[in-house]
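Structure first, commentary second.
Numbering (the working numbering), first residue to last: 1052 to 1741.
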């Protein structure tokens, strides 16, 4: 299941091996210069390596062993940062490799005329142009992305979605999009190519999951600029310490000037190497977590925007409700027994294969013990539903039983000399006001009563919306239902607002109004009529089962075609932002302990009073410097799992979240280095390495 490589362990051996090799490849200065913090670290690592070589020839500024140790750990710092990035990229590359194996050189059955039965000729799939028509028959692999313009077939999309269950693709409607690399299991399709030469959805998936090809987001770029600015500030500050040290020694007449090796150690420990080394990995891992949720994001910008969303537009059917209305009650007319209404309703629904029709049969059996019957054995004639009549039913033994919309059945009854009782009209209004759909049942000129159909709100959805409200996110239900029905469902589901009788124009207008008020909007959609709104939304999740227009308009594609995934997408986006913010806080807080470790060690010989700052009681100046440098390298490798997995997300308010992160990662970032540096110092002392 290529799209579900998330089953891999965090440190899968194959990925680790590749990441180790990539860590050395990334030492190329042309790659390192993209990360100013780690580029500076690499430059000073080269400098200390040169100082070590100089010391070997007897001209060293410090003992060769000390310079070598500092140099080795500085190189480790660079390599560990590269390893973090390579690990994040490696998971994407593993998925991309699996997808490449699924891509084959295909031959298309090119149709001269875009309809079934026209003659076809074999053409390499790579030669197809947008608008070409191809025939795909049972057993064939679909050679291109496109729209079904004729036919209906069962399609195996496991190569894309990872799901083994086949799906139905047919012309017209919202299930017409097909993807290159999927296989037709039955029947046939005529497909019109919807992508330019050489570019299929599978190709785009490969490009998207390749972490190395991901573009940095605006937030990440801004943070990189901040880290670069801090690096420059510390670089200038450390550079001034050398002349200050020389001057201090000359004035005091004691001690020795600080060495370049120690200054380099101070610089690397003070610049934000922790977040600098993990920043790229955090961004790549955010997109990887989206892939794990079976959502393909077209860019890191989309993932990041999901974390800032404060309005969610959700379609009612299939998202908030189960998608199919269910019969929940029989409401008889005056003088009609409930059993008589249920019997007529069941007879009218026996040949109705819609979910609503089946639910009526089931309700009659459960409520009144009426068993299903074979309408054909009864000699009955089934009357199918049509948009013109808005009714369905059955003709049996001279009876004409109908069920359907209230006004349509009223007209049917009136034609036969009957009328709808006022009590039945009141029942119809009551069902509509309660958010249900009323179906009136009639037997010829007699109105028997009302069937209540109800949208079933998904279990737990109200609690999910309450969590979103805690996160400061407003939920808006979009539906084509009338105002009364929409209001009832919205109240039951617990959404904050709703848009009833929605059209493509009203959806687009709503999104623009929200954005005009400074809100960031996310929405899901699968139809061509959703494309304008998807293109306008800040985060637009298109269903993979939807039309090509919807997928091209969105900036994410949900391979599972699960509209509720939008909630998960927002959580992943927020987790990405939280992880970046938490590790940035931790990295900057780290500098406090490193300052107390290295500054006293640098100047204690010249200014003995600085010994009071050695609050950790580090053994020697050399041990203090080495302990800080080693901790600075090891903390990167220790935080790689957190960067890849992400900080655990909890749906709490922004203020509470800020307090929690400051306490955990701010205070923790100060305390952890004190403990870690002291532990390393004790170990160096026990091993007599300093």
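For glycine and all other residues, C-beta sits at the position ideal for the given N, C-alpha and C.
Worksheet item: Can you give the Cα-Cα distance for residue 1238 and residue 1231, rounded to whole angstroms?
Response: Locating residue 1238 in the chain shown gives position 187, where the first residue counts as 1. Locating residue 1231 in the chain shown gives position 180, where the first residue counts as 1. Looking at the two C-alpha atoms, the distance is approximately 17 Å.
Practice prompt. Would you check if the distance between the CB atom of residue 1721 and the CB atom of residue 1640 is smaller than 9 Å?
Written response: To locate residue 1721, count along the chain shown from 1; it is residue 670. To locate residue 1640, count along the chain shown from 1; it is residue 589. Remark: C-beta atoms of residue 1721 and residue 1640 approach each other more closely than 9 Å.
Worksheet item: Going by Cα to Cα distance, which pick from 1276, 1324, 1289 is closest to residue 1685?
Response: Indexing the chain shown from 1 puts residue 1685 at position 634. Selected option, being the one with the closest Cα: 1324.
Discussion item. With three or more beta-carbon pairs closer than 8 Å as the criterion, would you say the segment 1323-1338 touches the segment 1599-1619?
Written reply: No: fewer than three Cβ pairs fall under 8 Å.
Practice prompt. On a CA-only basis, which of 1439, 1120, 1695, 1586 is nearest residue 1134? Give me that one, please.
Written response: Looking up residue 1134 in the chain shown gives position 83. Selected option, being the one with the closest Cα: 1695.
Worksheet item: I think residue 1173 touches residue 1187, with their Cβ atoms under 8 Å apart; what is that distance to the nearest whole Å?
Response: Numbered from its first residue, the chain shown carries residue 1173 at position 122. Numbered from its first residue, the chain shown carries residue 1187 at position 136. Between the beta-carbon of residue 1173 and that of residue 1187 there is about 13 Å, and that puts the pair past the 8 Å contact cut.
Item to complete: Hey, could you find the ends of the beta strand (DSSP E) residue 1528 is sitting in?
Response: Position 477 of the chain shown, counting from 1, holds the residue named residue 1528. That run of the beta strand (DSSP E) goes 1525-1529.
Worksheet entry | Host beta strand (DSSP E) of residue 1719 (start-end) | Residue mapping note: residue 1719 aligns to position 668 of the chain shown, counting from 1. For residue 1719, there is no enclosing beta strand (DSSP E); the enclosing alpha helix (DSSP H) has its first and last residue at 1719-1737.
Worksheet entry | Limits of the unbroken beta strand (DSSP E) element including residue 1324 | Residue mapping note: residue 1324 aligns to position 273 of the chain shown, counting from 1. Here residue 1324 belongs to no beta strand (DSSP E); instead the alpha helix (DSSP H) covers 1324-1343.
Worksheet item: What separation, rounded to the nearest whole angstrom, lies between the Cα atoms of residue 1533 and residue 1479?
Response: On the chain shown, residue 1533 is found 482 positions in, with the first residue counted as 1. On the chain shown, residue 1479 is found 428 positions in, with the first residue counted as 1. Going from the Cα of residue 1533 to the Cα of residue 1479 covers about 14 Å.
Discussion item. Checking 9 Å against the spacing of the C-beta atoms, do residue 1597 and residue 1576 come in under that value?
Written reply: What you label residue 1597 is simply residue 546 of the chain shown in a count that begins at 1. What you label residue 1576 is simply residue 525 of the chain shown in a count that begins at 1. For residue 1597 and residue 1576, yes; Cβs fall inside 9 Å.
Worksheet item: Excluding the five sequence neighbours on either side, which residues of its own chain have a C-beta within less than 8 Å of the C-beta of residue 1176, listed in chain order?
Response: On the chain shown, residue 1176 is found 125 positions in, with the first residue counted as 1. The beta carbon of residue 1176 lies closer than 8 Å to those of 1156, 1157, 1158, 1159, 1194, 1195, 1231 in the same chain, with the five residues before and after it left out.
Worksheet item: Are the beta-carbon atoms belonging to residue 1309 and residue 1121 less than 9 Å from one another?
Response: Against the chain shown, residue 1309 aligns to sequence position 258. Against the chain shown, residue 1121 aligns to sequence position 70. The criterion of a C-beta distance shorter than 9 Å is not satisfied by residue 1309 and residue 1121.
Worksheet item: Thinking C-alpha only, which one of 1279, 1114, 1555 is nearest residue 1087?
Response: By one-based count along the chain shown, residue 1087 stands at place 36. Closest by alpha carbon: 1279.
Discussion item. Taking the alpha carbon of residue 1277 as the reference point, which residue from 1290, 1297, 1330 has its own alpha carbon closest?
Written reply: The residue labelled residue 1277 in the question sits at position 226 within the chain shown. Comparing Cα positions, the closest option is 1330.
Worksheet item: Would you report the Cα separation of residue 1055 and residue 1320, rounded to the nearest angstrom?
Response: Here residue 1055 refers to the residue found at position 4 when the chain shown is read from its first residue. Here residue 1320 refers to the residue found at position 269 when the chain shown is read from its first residue. For residue 1055, the predicted model reports a pLDDT of 41, less than 50, meaning its position is unreliable; a value from the coordinates is still stated below. Taking the straight line from one Cα to the other gives about 39 Å.
Discussion item. On a Cα-Cα basis, can you pick out the residue from 1676, 1563, 1132 that is closest to residue 1071?
Written reply: As a position in the chain shown, residue 1071 is number 20, starting the count at 1. When each option's Cα is compared against that of residue 1071, the closest is 1132.
Worksheet entry | Residues of its chain near residue 1271, where Cβ-Cβ distance is below 6 Å and the 5 sequence neighbours each way are ignored | By 1-based counting over the chain shown, the position of residue 1271 is 220. Here residue 1271 has 1334 as same chain residues with Cβ atoms under 6 Å from its own Cβ, once five neighbours each way along the sequence are excluded.
Worksheet entry | Per DSSP, cross-strand counterpart(s) of residue 1454 | The count along the chain shown starts at 1 and reaches residue 1454 at position 403. DSSP, once it has assigned bridges, lists 1443, 1492 as partnering residue 1454.
Practice prompt. Round the Cβ separation of residue 1500 and residue 1348 to the nearest angstrom and send it over; I've been treating them as touching at under 8 Å.
Written response: Counting from one through the chain shown, the residue named residue 1500 turns up at place 449. Counting from one through the chain shown, the residue named residue 1348 turns up at place 297. In this structure, residue 1500 and residue 1348 do not form a Cβ contact; the two beta carbons are roughly 51 Å apart against a cut-off of 8 Å.
Worksheet item: Just to confirm, are residue 1486 and residue 1535 a CB contact at a threshold of 9 Å?
Response: As a first step, residue 1486 must be located in the chain shown, where it is residue number 435. As a first step, residue 1535 must be located in the chain shown, where it is residue number 484. With a cutoff of 9 Å on beta-carbon distance, residue 1486 and residue 1535 are scored as near each other.
Item to complete: In angstroms with no decimal places, state the Cα-to-Cα distance between residue 1241 and residue 1404.
Response: For this step, residue 1241 is matched to residue 190 along the chain shown. For this step, residue 1404 is matched to residue 353 along the chain shown. So the two alpha carbons sit approximately 27 Å from each other.
Discussion item. I'd like the span of the alpha helix (DSSP H) that includes residue 1313, first residue to last.
Written reply: As a first step, residue 1313 is located in the chain shown; it is residue number 262 there, counting from the start. In the DSSP assignment, residue 1313 falls within the alpha helix (DSSP H) that extends over 1311-1321.
Worksheet item: Does residue 1591 get closer than 9 Å to chain B when you measure Cβ to Cβ?
Response: Although the question refers to chain B, the structure presented lacks it and comprises just one protein chain.
Discussion item. Less than 9 Å between the C-beta atoms of residue 1625 and residue 1228, yes or no?
Written reply: Here the question's residue 1625 lines up with position 574 in the chain shown. Here the question's residue 1228 lines up with position 177 in the chain shown. The answer is no: Cβ separation not under 9 Å.
Worksheet item: Is it right to say residue 1283 is buried, meaning 16 or more other beta carbons lie within 10 angstroms of its own, or is it exposed?
Response: The residue you call residue 1283 lines up with position 232 of the chain shown. With fewer than 16 other Cβ atoms within 10 Å, it is exposed.
Practice prompt. Go through its chain and collect everything with a Cβ distance to residue 1442's Cβ below 8 Å, but skip five positions before and after it.
Written response: Walking along the chain shown from the start, residue 1442 turns up at place 391. Short of 8 Å from the beta carbon of residue 1442, and not among the five residues preceding or following it, lie these beta carbons of its own chain, in chain order: 1434, 1436, 1453, 1454, 1455, 1456, 1459, 1460, 1463.
Item to complete: Round the Cβ separation of residue 1627 and residue 1354 to the nearest angstrom and send it over; I've been treating them as touching at under 8 Å.
Response: Looking up residue 1627 in the chain shown gives position 576. Looking up residue 1354 in the chain shown gives position 303. Correct: roughly 6 Å between the Cβ atoms.
Worksheet item: Which whole-angstrom value describes the C-beta separation of residue 1179 and residue 1233, a residue pair presumed to lie in contact below a C-beta threshold of 8 Å?
Response: Translated into the one-based positions of the chain shown, residue 1179 becomes position 128. Translated into the one-based positions of the chain shown, residue 1233 becomes position 182. Between residue 1233 and residue 1179 the Cβ distance is about 16 Å, and since that is not below 8 Å, they are no contact.
Fill in: Within the segment 1158-1207, ranges of the beta strand (DSSP E) (whole runs, at least 3 residues)
Along the length of the segment 1158-1207, whole beta strand (DSSP E) runs at least 3 residues long occupy 1158-1162, 1171-1175, 1184-1188, 1197-1207, reported in chain order.
Item to complete: Can you tell me which of 1523, 1428, 1645, 1381 puts its alpha carbon nearest to the alpha carbon of residue 1414?
Response: By one-based count along the chain shown, residue 1414 stands at place 363. Among 1523, 1428, 1645, 1381, the Cα nearest to that of residue 1414 belongs to 1381.
Worksheet item: Which of helix, strand or coil does DSSP assign to residue 1354?
Response: For the purposes of this step, residue 1354 is taken as residue 303 along the chain shown, with counting starting at 1. Note: residue 1354 maps to helix in three-state DSSP.
Fill in: Rounded distance between the beta-carbons of residue 1540 and residue 1522, thought under 8 Å
As a position in the chain shown, residue 1522 is number 471, starting the count at 1. As a position in the chain shown, residue 1540 is number 489, starting the count at 1. Their Cβ separation, rounded to whole angstroms, is 22 Å, which puts residue 1522 and residue 1540 out of contact at 8 Å.
Worksheet item: Using a Cβ-Cβ cut-off of 7 Å (strictly less than) and excluding sequence neighbours within five positions of residue 1672, which residues of its own chain qualify?
Response: By one-based count along the chain shown, residue 1672 stands at place 621. Excluding residues within five positions, the ones whose Cβ falls inside 7 Å are 1652, 1655.
Worksheet item: Where DSSP assigns a beta bridge to residue 1221, which residues make up the other side?
Response: Taking the chain shown and counting its residues from 1, the one referred to as residue 1221 is at position 170. In the DSSP assignment, the residues bridged to residue 1221 are 1203.
Worksheet item: Which whole-angstrom value describes the C-beta separation of residue 1679 and residue 1649, a residue pair presumed to lie in contact below a C-beta threshold of 8 Å?
Response: Residue numbering aside, residue 1679 sits at position 628 when the chain shown is read from its first letter. Residue numbering aside, residue 1649 sits at position 598 when the chain shown is read from its first letter. Between residue 1649 and residue 1679 the Cβ distance is about 5 Å, and since that is below 8 Å, they are a contact.
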